[in-house]
Amino acid sequence: MTTNRLSQALDDLAAEAGSYATVDAVLAETGRRRRRRTVVAAATAVLAVALGSGVAAALPDSSPVPTPLIAAAWPAPDAAAQTLPTTGPVGRAAYAYTTDGGSYLVTDDGRRYTLPNPGLLSPDGRWLAYGLAPDRYLVRDLTSETVWPVTGGMGGLEWSADSRWLLLTDGTEPRQKWYLRLDTRDGAQRTSDMPFGFADGVLPSGEILYAADPFMHSAGADPTLTRYDPATSAKTEIPLAAPEPGTLVEPNEQRLTVLPGPGNTVLLGAYGPDGVTALLEYDLGDRHLIARHEIPREPGEWLATAYHPTDGIVLTRCDETSTDVVLLDPITGQIRTALTLPGKASVSLATSDR
Numbered sequence: 000m001t002t003n004r005l006s007q008a009l010d011d012l013a014a015e016a017g018s019y020a021t022v023d024a025v026l027a028e029t030g031r032r033r034r035r036r037t038v039v040a041a042a043t044a045v046l047a048v049a050l051g052s053g054v055a056a057a058l059p060d061s062s063p064v065p066t067p068l069i070a071a072a073w074p075a076p077d078a079a080a081q082t083l084p085t086t087g088p089v090g091r092a093a094y095a096y097t098t099d100g101g102s103y104l105v106t107d108d109g110r111r112y113t114l115p116n117p118g119l120l121s122p123d124g125r126w127l128a129y130g131l132a133p134d135r136y137l138v139r140d141l142t143s144e145t146v147w148p149v150t151g152g153m154g155g156l157e158w159s160a161d162s163r164w165l166l167l168t169d170g171t172e173p174r175q176k177w178y179l180r181l182d183t184r185d186g187a188q189r190t191s192d193m194p195f196g197f198a199d200g201v202l203p204s205g206e207i208l209y210a211a212d213p214f215m216h217s218a219g220a221d222p223t224l225t226r227y228d229p230a231t232s233a234k235t236e237i238p239l240a241a242p243e244p245g246t247l248v249e250p251n252e253q254r255l256t257v258l259p260g261p262g263n264t265v266l267l268g269a270y271g272p273d274g275v276t277a278l279l280e281y282d283l284g285d286r287h288l289i290a291r292h293e294i295p296r297e298p299g300e301w302l303a304t305a306y307h308p309t310d311g312i313v314l315t316r317c318d319e320t321s322t323d324v325v326l327l328d329p330i331t332g333q334i335r336t337a338l339t340l341p342g343k344a345s346v347s348l349a350t351s352d353r
């Protein structure tokens with residue numbers, strides 16, 4: 000199967016080796032990090048993408064079209080755009096997105112604001128993180144006057160599932176393994192050089208999650224993750240139960256697909272001959288496989304972007320004209336369309352119970 004490359008300029012909200020300072024910077028740098036959490040890829044694909052992670056590929060039309068989501072938890076982006084006020088509350092947001100036409104924030108009541116640069120919205124819709132210039136970021140409470148300035152790092156942003164922690168990584172030399180963790184409760188920031196691996200995400204506990212061996216090349220090998228506590232420097236390696244025989248947990252020359260979920264869970268990509276076929280959900284406590292979630296098999300370029308406690312696994316499906324934000328129910332396997340955006344877009348979606 001031939002890879003249908005999703006526009007590198009639109010796959011991510013930030014760059015591992017670039018700045019949030021301009022849309023152009025994001026367009027130029029979205030080639031690196033998506034490959035780190037590949038979600039759908041052809042066997043021959045070698046993609047470079049920035050924040051948010053994933054690899055996209057066109058899939059055959061072998062499953063039903065997602066059922067539209069009736070609940071209006073995420074307003075359509077139809078309102079005329081206005082500039083986001085530089086200070087003061089605007090209210091919780093439903094989602095933030097970036098297209099080749101710019102970056103936007105849509106609030107719960109349907110107002111649409113233009114953003115100076117691509118932003119990453121927290122799962123609870125309260126916090127918005129975006130860059131001002133190289134090494135300068137703002138983390139803003141949309142419901143109050145609180146703003147946490149962050150200095151340092153030129154890379155990807157990741158929220159914990161409970162919206163407490165923000166992880167900023169740096170993929171530039173010589174600080175490839177540098178990270179900063181922000182606590183939104185009080186603005187406390189902790190930085191460190193990582194002694195191993197690349198930071199894949201931050202857990203609700205505040206621990207940083209890594210792929211301990213990021214370049215496994217043997218089919219069926221046991222995936223091993225590492226959780227690191229910045230407060231104590233404690234490091235725990237977590238060997239997980241091997242997937243079924245013949246499953247490629249990681250494709251050749253690609254990073255492991257790692258997507259932290261609610262509580263103590265994590266999603267890993269399971270691969271077949273033509274790319275990702277499913278997401279494997281593991282419990283990081285007992286290290287057992289909880290469930291296998293099948294990726295929808297319909298046309299488009301698919302990416303997994305989040306795992307919300309209330310709404311399930313958040314996927315995006317892009318084609319040349321639009322981007323669907325699709326929710327995959329981890330219990331029933333049902334897929335529903337939460338939102339459709341014009342053109343190819345990168346999206347950070349807040350939960351429906353925000």
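If you're matching positions, the sequence shown starts at 0 in numbering that gives the first Met the number 0 and goes up one per residue. Every residue gets a Cβ at the ideal spot worked out from N, C-alpha and C, and that includes glycine. This structure is a prediction, so every number in the text was calculated from the model and none was measured.
Annotation: Trp-158 to Ala-187 spans about 15 Å, alpha carbon to alpha carbon. Of the other Cβ atoms in all chains shown, 16 or more fall within 10 Å of the Cβ of Arg-180; this residue is therefore buried. Sorting Ala-93, Thr-183 and Glu-144 by C-alpha distance to the C-alpha of Thr-350 places Ala-93 at the top.
By the Cβ rule, the stretch 138–146 does not count as touching the stretch 93–102, because fewer than three pairs are nearer than 8 Å.
Taking a contact as a CB-CB distance under 8 Å, the pair Val-325 and Leu-340 does not count as one, their CB atoms being some 12 Å apart. The Cβ-Cβ distance between Ala-160 and Leu-120 does not fall below 7 Å. Leu-327 is not a Cβ neighbour of Trp-73, given a cutoff of 7 Å. DSSP, read as helix, strand or coil, puts Asp-199 in strand.
Within the stretch 113–147, the beta strand (DSSP E) runs of at least 3 residues that lie entirely inside it are, in chain order, 118–120, 126–132 and 135–140.
Under the DSSP assignment, Gly-101 falls in the beta strand (DSSP E) whose first and last residues are 101–106. Take Leu-239, set aside five residues on each side of it, and the residues of its chain with a beta-carbon closer than 6 Å to its own are Pro-222, Tyr-281 and Arg-286, in chain order. DSSP, read as helix, strand or coil, puts His-287 in coil.
According to DSSP, Ser-232 shares a beta bridge with no other residue. Bridge pairing for Leu-239: absent [DSSP].
Annotation: the continuous beta strand (DSSP E) that includes Ile-312 extends over 311–317.
In this structure, Pro-148 is the residue among Pro-203, Asp-318, Ser-143 and Pro-148 with its C-alpha nearest to the C-alpha of Gly-130. Taking the Cα positions, Val-346 is about 11 Å away from Val-105. In the three-state reduction of the DSSP assignment, Pro-74 falls in the coil class. Annotation: Asn-263 to Leu-208 spans about 11 Å, alpha carbon to alpha carbon. Ile-207 sits in a strand when the DSSP states are folded into three classes. With a cutoff of 7 Å on beta-carbon distance, Ala-303 and Val-257 are scored as not near each other. In terms of Cβ geometry, Pro-122 and Ser-162 form a close pair [threshold 7 Å]. With at least 16 other beta carbons inside 10 angstroms of its own, Val-265 counts as buried. For Ala-305, the CB contacts under 6 Å within the same chain, skipping 5 residues up- and downstream, are Val-313 in chain order. Within the DSSP bridge table, the entry for Thr-264 names Asp-282 as partners.
Around the beta carbon of Val-146, fewer than 16 other beta carbons sit within 10 angstroms, so the residue counts as exposed.
Closest by C-alpha distance to Ile-237, out of Thr-225, Pro-229 and Ala-230, is Thr-225. Rounded to the nearest angstrom, the gap between the Cα atoms of Pro-329 and Thr-320 is 28 Å. If you draw a straight line from the Cα of Pro-133 to the Cα of Gly-260, it comes to about 29 Å.
Considering only His-292, Thr-235 and Lys-343, the residue with the shortest C-alpha distance to Glu-300 is Lys-343.
Under the three-state reduction of DSSP output, Ile-334 falls in the strand class.
Of the residues His-292, Thr-322 and Arg-296, the one whose Cα lies closest to the Cα of Thr-331 is His-292.
Rounded to the nearest whole angstrom, the CA to CA distance from Pro-88 to Gly-155 is 25 Å. Contact annotation: Ala-277 and Ile-294 have beta-carbon atoms nearer than 7 Å.
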